[in-house]
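A quick write-up on the structure given underneath.
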Amino acid sequence: MTPAPEMTAIPAKATRRDWLGLAVIALPCLLYSMDLTVLNLAIPQLSVDLKPSAAQLLWIVDIYGFMVAGSLITMGTLGDRIGRRRLLLIGAAAFGLASILAAFSTSAEMLIATRALLGIAGATLAPSTLSLIRNMFLDPKERSFAIGIWIASFSAGGAIGPLVGGLLLEHYWWGSVFLVGVPVMILLLILGPILLPEFKDPQAGRVDLASAALSLAAVLAVIYGIKHMAEHGAGWQAALPILAGVAIGSLFLRRQRRLADPFLDLRLFRNPVISAALAINVLGFLFLFGSFLFIGQYLQLVKGFSPLEAGLWSLPSALAFILGTPIVPVLAHRFRPAQIMAMGLTMAALGFALLSRIDIDSSVGLVVVASVIFSLGFTPVVALTTELVVGSAPPERAGSAAAISETSLEFGGAVGIAVLGSIVTAVYRSQMALTQPGGLAPDAARSAAATLGGAVAEAARLPADLAASLLAAARAAFVAGMQLSALVATVGLIVTAVIAVVLLRRVPAAAAHPA
Numbered sequence: 008m009t010p011a012p013e014m015t016a017i018p019a020k021a022t023r024r025d026w027l028g029l030a031v032i033a034l035p036c037l038l039y040s041m042d043l044t045v046l047n048l049a050i051p052q053l054s055v056d057l058k059p060s061a062a063q064l065l066w067i068v069d070i071y072g073f074m075v076a077g078s079l080i081t082m083g084t085l086g087d088r089i090g091r092r093r094l095l096l097i098g099a100a101a102f103g104l105a106s107i108l109a110a111f112s113t114s115a116e117m118l119i120a121t122r123a124l125l126g127i128a129g130a131t132l133a134p135s136t137l138s139l140i141r142n143m144f145l146d147p148k149e150r151s152f153a154i155g156i157w158i159a160s161f162s163a164g165g166a167i168g169p170l171v172g173g174l175l176l177e178h179y180w181w182g183s184v185f186l187v188g189v190p191v192m193i194l195l196l197i198l199g200p201i202l203l204p205e206f207k208d209p210q211a212g213r214v215d216l217a218s219a220a221l222s223l224a225a226v227l228a229v230i231y232g233i234k235h236m237a238e239h240g241a242g243w244q245a246a247l248p249i250l251a252g253v254a255i256g257s258l259f260l261r262r263q264r265r266l267a268d269p270f271l272d273l274r275l276f277r278n279p280v281i282s283a284a285l286a287i288n289v290l291g292f293l294f295l296f297g298s299f300l301f302i303g304q305y306l307q308l309v310k311g312f313s314p315l316e317a318g319l320w321s322l323p324s325a326l327a328f329i330l331g332t333p334i335v336p337v338l339a340h341r342f343r344p345a346q347i348m349a350m351g352l353t354m355a356a357l358g359f360a361l362l363s364r365i366d367i368d369s370s371v372g373l374v375v376v377a378s379v380i381f382s383l384g385f386t387p388v389v390a391l392t393t394e395l396v397v398g399s400a401p402p403e404r405a406g407s408a409a410a411i412s413e414t415s416l417e418f419g420g421a422v423g424i425a426v427l428g429s430i431v432t433a434v435y436r437s438q439m440a441l442t443q444p445g446g447l448a449p450d451a452a453r454s455a456a457a458t459l460g461g462a463v464a465e466a467a468r469l470p471a472d473l474a475a476s477l478l479a480a481a482r483a484a485f486v487a488g489m490q491l492s493a494l495v496a497t498v499g500l501i502v503t504a505v506i507a508v509v510l511l512r513r514v515p516a517a518a519a520h521p522a
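With my numbering applied, the sequence shown covers 8 to 522.
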């Protein structure tokens, strides 16, 4: 008797409840990224009210991102153990309460502490929501579309953050930028238990607190060192925390190999698709995040726009990312991931090549066109790397995989800010040493030679002729650094496109394999 052919299991289609649940999931994702940008416009007001020192102001701005990055792996693994929906709802409640405390902070120290709590709570949102999508949408085509919506919600949050902040600050005090998140979290707490299913690893062990502490310390130390390097240049103050973070990370990995039930399943990295996607994610976001650093300064300090105006001019690139995301699942079912990523990265490289040609007198429209081009180019990279990492992981490890994917994004962004920021700073300082006008007091000369922001601040206190000369020299020096940084990004993205083709050449189109 001829044996019957094996039947290929057809993945179940998502239900109406799953699609409504996706809309609920998009809410905290939007808020998560909005909280990264909404504070920027409130800095002048809160500086007057709370009178933070320069160091405290940096911590107010940076601590949220630090705690998010440092807590992602912990929260992703915790969700696998206690349940992704439960962790999401706990995080939503904590985020809402911390937002209220931040809004009514009475000192700089209190605001730093509450922003840290917001970061820890925010770290529950990305891995919990992404791992829920992995379990809710089993059909590859539907899952690709759902991940695209998930990514678009992050982009929307980052885009509307400055706009929402600007509108609120026109009418209310600085704390109002935090309160906008409270009704969103209340809505999530009401609808989440109704529309979102619960998933967790049925064989998960206990949470290893020592591993959680080691992972947090390692990520925080490395990212702190990288950000210090971006702001102050290379030196032992930056190298020491980076080396300490690497050492702590090594202890963390050794501990995972010894544990019977590891905090982070290192077997995920043995999957060549996951490892390749993570590498491309780090490299891609290295150049994308680095560009944010100098485009924002160019619009405000070279072209003279207010923060709200700069946010409005940045909106087209964010909209391009949002509108381009739904196209990726269609392409993914016709072409291999390597082909799509190579095309996207090449397109992004063209955008940066155009950016490298921008000078002081360029139209702001040219900046917008360049940023729209590289945003569209990055769209398939973000969507496909996320899909490859989460889709290639076992369902019971979806939380850990989602956390690793998000951590690679944060790490790539931090490295990009350090690398491209250091290039801009080095060119700026070397040019200013040659072109800075004479007649400045020593302290003013040092401040102007350090950063473009310092030059703009010093120019406001100088006679008109000397101020004009200083601004012209400083803006020219900054644009020269920006041009070189964009050129480096162009070359780096072309190299990343080649890496994507080599490492992912055997991965088929989504339509060619099941989930």
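Just so you know, even glycine gets a beta-carbon here, dropped at the ideal spot from N, CA and C.
What's the C-alpha gap between valine 397 and glycine 445?
Walking along the sequence shown from the start, residue 397 turns up at place 390. Walking along the sequence shown from the start, residue 445 turns up at place 438. Spanning the two alpha carbons is a distance of roughly 58 Å.
Just verifying my parser: in three-state terms, what is the DSSP assignment at proline 134?
Taking the first residue of the sequence shown as position 1, residue 134 is located at position 127. Helix, per DSSP.
Taking one C-beta from the segment 320 to 337 and one from the segment 260 to 275 each time, how about it: are there three or more such pairs within less than 8 Å?
no
Rounded separation between glycine 188 and asparagine 288 - CA only
Here residue 188 is taken as the residue at index 181 of the sequence shown, counted from 1. Here residue 288 is taken as the residue at index 281 of the sequence shown, counted from 1. Each residue's Cα considered, the two are about 28 Å apart.
In this structure, how does DSSP classify proline 521 when only helix, strand and coil are distinguished?
Here residue 521 is taken as the residue at index 514 of the sequence shown, counted from 1. Since pLDDT at proline 521 reaches only 43, below the 50 mark, its modelled position is unreliable, and no value is offered.
Please state whether DSSP places glutamate 205 in a helix, a strand or coil.
For the purposes of this step, residue 205 is taken as residue 198 along the sequence shown, with counting starting at 1. Reduced to three states, the DSSP call for glutamate 205 is coil.
Leaving out the 5 sequence neighbours to the left and right, which residues in its chain are closer than 6 Å to arginine 7 when beta-carbon positions are compared?
Lying before the first or after the last residue shown, residue 7 is absent from the chain, which here runs from 8 to 522.
Can you list, in chain order, the residues of its chain with a C-beta nearer than 8 Å to that of leucine 247? Leave out the 5 residues immediately preceding and following it.
Position 240 of the sequence shown, counted from the first residue, corresponds to residue 247. If we look at leucine 247 and ignore the five residues flanking it on each side, its Cβ neighbours are Gly232.
Would you check if there are 3 or more beta carbon pairs closer than 8 Å linking the segment 356 to 363 to the segment 409 to 420?
no
Can you name, in chain order, every residue of its own chain whose Cβ lies under 6 Å from the Cβ of serine 135, other than the five neighbours on each side?
Counting from 1 along the sequence shown, the entry for residue 135 is found at position 128. If we look at serine 135 and ignore the five residues flanking it on each side, its Cβ neighbours are Gly86, Arg91, Leu94, Leu95.
Is glycine 420 buried or exposed, if buried means 16 or more other CB atoms sit within 10 Å of its CB?
On the sequence shown, residue 420 is found 413 positions in, with the first residue counted as 1. Glycine 420 is buried by the Cβ-count criterion.
Rounded to the nearest angstrom, what separates phenylalanine 259 and alanine 99 at their Cα positions?
Locating residue 259 in the sequence shown gives position 252, counting from the first residue. Locating residue 99 in the sequence shown gives position 92, counting from the first residue. So the two alpha carbons sit approximately 28 Å from each other.
In angstroms with no decimal places, state the Cα-to-Cα distance between leucine 57 and leucine 271.
If you number the sequence shown from 1, residue 57 lands on position 50. If you number the sequence shown from 1, residue 271 lands on position 264. Roughly 40 Å separates the two Cα atoms.
Through-space distance from serine 114 to phenylalanine 345, alpha-carbon basis
As a first step, residue 345 must be located in the sequence shown, where it is residue number 338. As a first step, residue 114 must be located in the sequence shown, where it is residue number 107. It is alanine, not phenylalanine, that sits at residue 345 in the sequence shown. Near 51 Å, if we compare the C-alpha coordinates of serine 114 and alanine 345.
Measuring only the C-alpha atoms, how far is methionine 354 from valine 388?
Along the sequence shown, one-based indexing puts residue 354 at 347. Along the sequence shown, one-based indexing puts residue 388 at 381. Roughly 11 Å separates the two Cα atoms.
Own chain, CB closer than 8 Å to leucine 477, minus 5 neighbours either side, in chain order:
Within the sequence shown, residue 477 is the residue found at index 470, counting from 1. Answer for leucine 477: Gln443, Pro444, Leu447, Ala455, Ala462, Glu465, Ala466, Leu469, listed in chain order.
With a CB to CB cut of under 6 Å and the five nearest residues on each side skipped, what residues in its chain are close to isoleucine 506?
Numbered from its first residue, the sequence shown carries residue 506 at position 499. Cβ neighbours of isoleucine 506 beyond the five flanking positions: none.
Beta-carbon separation of valine 226 and alanine 120 under 8 Å?
Along the sequence shown, read from residue 1 onward, the residue named residue 226 stands at position 219. Along the sequence shown, read from residue 1 onward, the residue named residue 120 stands at position 113. Going by C-beta atoms, valine 226 is not nearer than 8 Å to alanine 120.
Using the rule of at least 16 other Cβ atoms within 10 Å of the residue's Cβ for burial, across every protein chain shown, is alanine 428 buried or exposed?
Residue numbering aside, residue 428 sits at position 421 when the sequence shown is read from its first letter. Reading off the sequence, residue 428 comes out as glycine, not alanine. Buried.
Using the Cα positions of alanine 522 and tyrosine 179, report the straight-line distance between them to the nearest angstrom.
The count along the sequence shown starts at 1 and reaches residue 522 at position 515. The count along the sequence shown starts at 1 and reaches residue 179 at position 172. Confidence in alanine 522 is poor, its pLDDT being 41 and thus under 50, which makes the residue's placement too unreliable to answer from.
Can you give me the C-alpha to C-alpha distance between histidine 340 and leucine 174, rounded to a whole angstrom?
As a working note, residue 340 is residue 333 in the sequence shown. As a working note, residue 174 is residue 167 in the sequence shown. Rounded to whole angstroms, histidine 340 to leucine 174 spans 41 Å at the Cα level.
Of the choices Leu137, Phe385, Gly103, whose alpha-carbon is the least far from that of leucine 504?
Stepping through the sequence shown from its first residue, residue 504 is reached at position 497. Note that residue 504 is alanine in the sequence shown here, rather than leucine. Alanine 504 has its Cα closest to that of Phe385, out of Leu137, Phe385, Gly103.
Rounded C-alpha distance that separates glutamate 394 from arginine 262
Sequence index remark: in the sequence shown, residue 394 carries index 387 (1-based). Sequence index remark: in the sequence shown, residue 262 carries index 255 (1-based). Their backbone Cα atoms lie some 29 Å apart in a straight line.
Determine whether the beta carbon atoms of glycine 129 and phenylalanine 102 lie at a separation below 8 Å.
On the sequence shown, residue 129 is found 122 positions in, with the first residue counted as 1. On the sequence shown, residue 102 is found 95 positions in, with the first residue counted as 1. Cβ atoms of glycine 129 and phenylalanine 102: closer than 8 Å.
Who are the near neighbours of alanine 217 in its chain, counting only those whose CB is closer than 8 Å to its CB and skipping five residues on each side?
If you number the sequence shown from 1, residue 217 lands on position 210. Correct list, in chain order: Arg262.
If the criterion is Cβ atoms closer than 8 Å, does the pair proline 190 and methionine 143 meet it?
In the sequence shown, counting from the first residue as 1, residue 190 sits at position 183. In the sequence shown, counting from the first residue as 1, residue 143 sits at position 136. It is not a contact, given that the beta carbons lie outside the stated cut-off.
Spatial neighbours of alanine 153 within its chain, please: C-beta separation below 8 Å, excluding the five flanking residues on both sides.
By one-based count along the sequence shown, residue 153 stands at place 146. Answer for alanine 153: Ala21, Leu29, Ile140, Met143, Phe144, listed in chain order.
What do you get for isoleucine 193, buried or exposed, if any count of 16 or more other CB atoms within 10 angstroms of its CB means buried?
Here residue 193 refers to the residue found at position 186 when the sequence shown is read from its first residue. Per the 10 Å Cβ criterion, exposed.
Are there 16 or more other CB atoms within 10 angstroms of the CB of valine 498, so buried, or fewer, so exposed?
For this step, residue 498 is matched to residue 491 along the sequence shown. Exposed, because fewer than 16 other Cβ atoms sit within 10 Å of the Cβ of valine 498.
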